[in-house]
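Colleague:
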Amino acid sequence: MSRASHRRGRRPDCSSSLFRHRLLSAPHPKQGAMSSSVVRGRGALLLSLLCTGALGFLPCCCHGAAAEAPGYVTVSADSFTPASTCSAPDPGVAPPQRNGTSAVLRLTHRHGPCAPARTSSLAAPSVADMLRADQRRAEYILRRASGRGAGAPQLASAAEATVPSNWGYDIGTLNYVVTASLGTPAVAQTLEVDTGSDLSWVQCKPCAAPACYSQKDPLFDPAQSSSYAAVPCGGSACAGLGLYASGCSAAQCGYVVSYGDGSNTTGVYSSDTLTLTASDAVQGFLFGCGHAQSGLFQGIDGLLGLGRMEQSLVQQTVGTYGGVFSYCLPTKPSTTGYLTLGGPPSAGFSTTQLLPSSSVPTYYIVMLTGISVGGQQLSVPPSVLAGGTVVDTGTVVTRLPPTAYAALRTAFRSGMDSYGYPSAPPTGILDTCYNFAGYGTVTLPNVALTFSSGATVTLGADGILSFGCLAFASSDSGDGGMAILGNVQQRSFEVRIDGTSVGFKPGSC
């Protein structure tokens, strides 16, 4: 057995046939040849002692059942490899109704096997490019998110609509998309879902390259929609654009949006019918008809803003859906999730308070109060986490204040050292990476995040590791500054947001 296997906490794989063969057939190191029956007898005794922990090893899977130390989770190493086939129902089959849902939309990985047939065939960016874009977005959010202020909107009633969503690589980050339709007749649009944005937009005709980027679907043509109208200058909708306003041209209201990764869009602020499902449509939906875009949008048709300001889909439909929405981000490209508007709360949520913010009213902010690794609470002073945490679907990797991240990294490395996994070089901003080549299973220390009111989110393996690395990074905001809960850590949870709270329900997609 290797020296690494004897490290404290390192569990030999007793279910391995090679392990059993070597253990049952190897002679004692201080004796010469002996009969095979004696060898097998002593080997069987040693195997029994190992598997009962009598020799100081952690319990092992001597009868084929996985076991790990308390506070750890063991998964197949193959689970980190993307599947080539969709494990969800046929995309043409409508997702089942959910808890009073009037409509359900699929949410899938942008380029995975569950994606719609019309999705982009453009190559995904490299991991390094994706992480660089993610870092720009995180830095942008952290620069803006520095204050608190007015309260959130009050809830209205009761209806609900759910839209499916999928991961999107082409925008430079591991974001998620849904398919909705715009105009009359309705034209399908693949839209990135973003809780950190308010104004929704699509690319519109006329728009020739390079002003508009390449997308798989045809550009939306407002001239072909009988329900389309440009928002006039001087109207209340134009006056309410605030920081998104971009003057007027030919009596039409202009808009502009700049994103944290350096991308931007500009065009005519418009209204038209947004069809979420066959039975759910938003009349007079306000959006940007984009005539000039630049940056990392390649492949998608536009963006669906779910932020807290009046331009977002959530606030435009507050009279119908009560300002309530939820989403479940799939763990892998081969699975699907959903986006839901409205609907009553259900059992199983851990809920924390939604904090107001006057300086950055777009963002959904909660208070992270603690972190545990391997079942042990980290010693992080409350002041380190006092700046709040933005819940963001557009950021990939969770950002923590430096002291909190350092404590997490140290505890996680210690837990992984117990199993002897070889380290791998850093990947961009991810500095705690491992090489799992040749391993059948991987055992990880659990990571749990605790928020105010005691809401605890215990992450699965897909929420702990990404690209073979610990999927957390240190923020540039300093201790006491803002943190960001990225989409890797939100995967498989239904995240429900209303005017006062954010809830997390595990194992929802």
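Under the working numbering, the first residue of the sequence shown carries the number 87, and numbering increases by one thereafter. Just so you know, even glycine gets a beta-carbon here, dropped at the ideal spot from N, CA and C.
Count the C-beta pairs between the stretch 347-359 and the stretch 308-315 that are closer than 8 Å, then say yes if the count reaches three, no if not.
Modeller: With the cut-off at 8 Å, the stretch 347-359 and the stretch 308-315 touch.
Colleague: Would you kindly work out how many angstroms separate the C-alpha atoms of Arg-577 and Ser-436, rounded to a whole number?
Modeller: Within the sequence shown, the letter at position 491 stands for residue 577. Within the sequence shown, the letter at position 350 stands for residue 436. Whole-angstrom Cα-Cα distance: 15 Å.
Colleague: Decide if Arg-485 is buried, meaning its Cβ has at least 16 other Cβ atoms within 10 Å, or exposed.
Modeller: Against the sequence shown, residue 485 aligns to sequence position 399. By the neighbour-count rule (16 or more Cβ atoms within 10 Å), Arg-485 is buried.
Colleague: Skipping 5 residues on each side, what residues in its chain have a beta carbon closer than 8 Å to that of Gln-462?
Modeller: Position 376 of the sequence shown holds residue 462. Contacts found: Gly-157, Ala-497.
Colleague: If we call anything under 7 Å between Cβ atoms a contact, is Ser-500 one with Gly-391?
Modeller: Here residue 500 corresponds to residue number 414 of the sequence shown, with the count starting at 1. Here residue 391 corresponds to residue number 305 of the sequence shown, with the count starting at 1. No, Cβ-Cβ distance for Ser-500 and Gly-391 is not below 7 Å.
Colleague: Sort Leu-285, Val-400, Gln-301, Ala-569 by Cα distance to Pro-596 and report the nearest one.
Modeller: Only positions 87 to 595 of the chain appear in this structure, which leaves residue 596 out of reach.
Colleague: Run through DSSP, which three-state label would Glu-580 get?
Modeller: If you number the sequence shown from 1, residue 580 lands on position 494. Here Glu-580 sits in strand by DSSP.
Colleague: Going by beta carbon distance, what residues of the same chain come within less than 7 Å of Ala-541, once the five residues before and after it are set aside?
Modeller: Here residue 541 is taken as the residue at index 455 of the sequence shown, counted from 1. The residues are Ser-436, Thr-437, Thr-438, Phe-590.
Colleague: Looking at Ala-433 and Val-466, is the spacing between their C-beta atoms short of 7 Å?
Modeller: Looking up residue 466 in the sequence shown gives position 380. Looking up residue 433 in the sequence shown gives position 347. Not a contact, by the Cβ cut-off of 7 Å.
Colleague: Is it buried or exposed, Asn-521, if we count other Cβ atoms within 10 angstroms and call 16 or more buried?
Modeller: As a working note, residue 521 is residue 435 in the sequence shown. It counts as exposed.
Colleague: Classify Ala-557 as buried or exposed, calling it buried when 16 or more other Cβ atoms lie within 10 Å of its own Cβ.
Modeller: Stepping through the sequence shown from its first residue, residue 557 is reached at position 471. By the 10 Å Cβ count, Ala-557 comes out buried.
Colleague: Check each candidate in Cys-339, Ile-515, Phe-579 and name the one with the smallest Cα separation from Ala-559.
Modeller: For this step, residue 559 is matched to residue 473 along the sequence shown. Comparing Cα-Cα distances from Ala-559 to each of Cys-339, Ile-515, Phe-579, the minimum goes to Ile-515.
Colleague: Spatial neighbours of Leu-494 within its chain, please: C-beta separation below 7 Å, excluding the five flanking residues on both sides.
Modeller: For the purposes of this step, residue 494 is taken as the residue at position 408 of the sequence shown. The residues are Ile-457, Val-459, Leu-464, Leu-486, Phe-558.
Colleague: My output table needs one value for Gly-589: the three-state DSSP class, helix, strand or coil.
Modeller: In the sequence shown, residue 589 corresponds to position 503, counting from 1. DSSP places Gly-589 in strand when its eight states are reduced to three.
Colleague: Quick check on DSSP: helix, strand or coil for Cys-595?
Modeller: Here the question's residue 595 lines up with position 509 in the sequence shown. Three-state result, Cys-595: coil.
Colleague: Which one or two residues does DSSP pair with Ile-457 in a beta bridge?
Modeller: Taking the first residue of the sequence shown as 1, we reach residue 457 at position 371. The partner list for Ile-457 (beta bridge, DSSP) reads Leu-535.
Colleague: In terms of residue numbering, what span does the beta strand (DSSP E) encompassing Cys-339 cover?
Modeller: Mapped onto the sequence shown, residue 339 falls at position 253. 338-344 is the span of the beta strand (DSSP E), which, as asked, contains Cys-339.
Colleague: Does the pairing of the stretch 375-387 with the stretch 264-278 give three or more beta-carbon distances under 8 Å?
Modeller: Cβ pair count under 8 Å is three or more, so yes.
Colleague: Measuring straight from C-alpha to C-alpha, what distance separates Val-476 and Gly-428?
Modeller: Taking the first residue of the sequence shown as 1, we reach residue 476 at position 390. Taking the first residue of the sequence shown as 1, we reach residue 428 at position 342. Rounded to the nearest angstrom, the two C-alpha atoms are 21 Å apart.
Colleague: Between which residues of its own chain and Val-410 is the CB-CB distance below 7 Å, once the five residues before and five after are set aside?
Modeller: The residue given as residue 410 occupies position 324 in the sequence shown. These residues qualify, in order along the chain: Leu-241, Gly-428, Gly-429, Asp-584.
Colleague: Could you check what DSSP says for Gly-391 in three-state terms: helix, strand or coil?
Modeller: Taking the sequence shown and counting its residues from 1, the one referred to as residue 391 is at position 305. Three-state result, Gly-391: strand.
Colleague: Between the alpha carbons of Gln-575 and Lys-291, how many angstroms are there, rounded?
Modeller: Against the sequence shown, residue 575 aligns to sequence position 489. Against the sequence shown, residue 291 aligns to sequence position 205. Their Cα atoms are separated by approximately 38 Å.
Colleague: Does the stretch 296-306 touch the stretch 410-421, meaning 3 or more C-beta pairs lie closer than 8 Å?
Modeller: Segments in contact, no.
Colleague: Just the C-alpha distance for Gly-593 and Ala-547, rounded to the nearest angstrom, thanks.
Modeller: Taking the first residue of the sequence shown as 1, we reach residue 593 at position 507. Taking the first residue of the sequence shown as 1, we reach residue 547 at position 461. Taking the straight line from one Cα to the other gives about 12 Å.
Colleague: Helix, strand or coil for Asp-164? Go by DSSP, reduced to three states.
Modeller: To locate residue 164, count along the sequence shown from 1; it is residue 78. Here Asp-164 sits in helix by DSSP.
Colleague: Which residues mark the beginning and the end of the beta strand (DSSP E) in which Leu-440 is found?
Modeller: Taking the first residue of the sequence shown as 1, we reach residue 440 at position 354. Where Leu-440 is concerned, there is no enclosing beta strand (DSSP E), given that its DSSP letter is neither H nor E.
Colleague: Would you decide whether Ser-444 is buried or exposed? Buried here means 16 or more other CB atoms lie within 10 Å of its CB.
Modeller: Sequence index remark: in the sequence shown, residue 444 carries index 358 (1-based). With fewer than 16 other Cβ atoms within 10 Å, it is exposed.
Colleague: Where do the ends of the alpha helix (DSSP H) carrying Tyr-407 lie?
Modeller: Here residue 407 corresponds to residue number 321 of the sequence shown, with the count starting at 1. From DSSP, the alpha helix (DSSP H) with Tyr-407 extends over 404-407.
Colleague: Could you check if Gly-320 is buried or exposed, using at least 16 other CB atoms within 10 Å of its CB as the buried criterion?
Modeller: Counting from 1 along the sequence shown, the entry for residue 320 is found at position 234. Result: exposed.
Colleague: From Ala-551 to Pro-512, what does the alpha carbon distance come to, in whole angstroms?
Modeller: To locate residue 551, count along the sequence shown from 1; it is residue 465. To locate residue 512, count along the sequence shown from 1; it is residue 426. In the sequence as displayed, the identity of residue 551 is Leu instead of Ala. Approximately 13 Å between the Cα atoms of the pair.
Colleague: State yes or no: is the C-beta of Val-343 within less than 7 Å of the C-beta of Ser-332?
Modeller: Position 257 of the sequence shown, counting from 1, holds the residue named residue 343. Position 246 of the sequence shown, counting from 1, holds the residue named residue 332. Not in contact: Val-343 and Ser-332 (Cβ atoms no closer than 7 Å).
Colleague: Could you pull out every residue in the same chain whose Cβ sits closer than 7 Å to the Cβ of Cys-334, ignoring the five residues on either side in sequence?
Modeller: One-based indexing of the sequence shown puts residue 334 at position 248. Excluding positions up to five away in sequence, the list reads Cys-319, Gly-340.
Colleague: On a CA-only basis, which of Leu-535, Leu-545, Gly-408, Gly-566 is nearest Ser-469? Give me that one, please.
Modeller: Taking the first residue of the sequence shown as position 1, residue 469 is located at position 383. Out of Leu-535, Leu-545, Gly-408, Gly-566, Gly-566 has the C-alpha closest to the C-alpha of Ser-469.
Colleague: Should Arg-582 and Ser-412 be called a contact, given that it needs their Cβ atoms to be closer than 7 Å?
Modeller: Indexing the sequence shown from 1 puts residue 582 at position 496. Indexing the sequence shown from 1 puts residue 412 at position 326. The answer is yes: Cβ separation under 7 Å.
Colleague: Using the Cβ count rule (16 or more neighbours within 10 Å means buried), how would you classify Leu-471?
Modeller: Counting from one through the sequence shown, the residue named residue 471 turns up at place 385. By the 10 Å Cβ count, Leu-471 comes out buried.
Colleague: Relative to the alpha-carbon of Gly-480, which residue among Ser-563, Cys-298, Tyr-449, Gln-289 has its alpha-carbon at the smallest distance?
Modeller: As a first step, residue 480 must be located in the sequence shown, where it is residue number 394. The shortest C-alpha separation from Gly-480 is found at Tyr-449.
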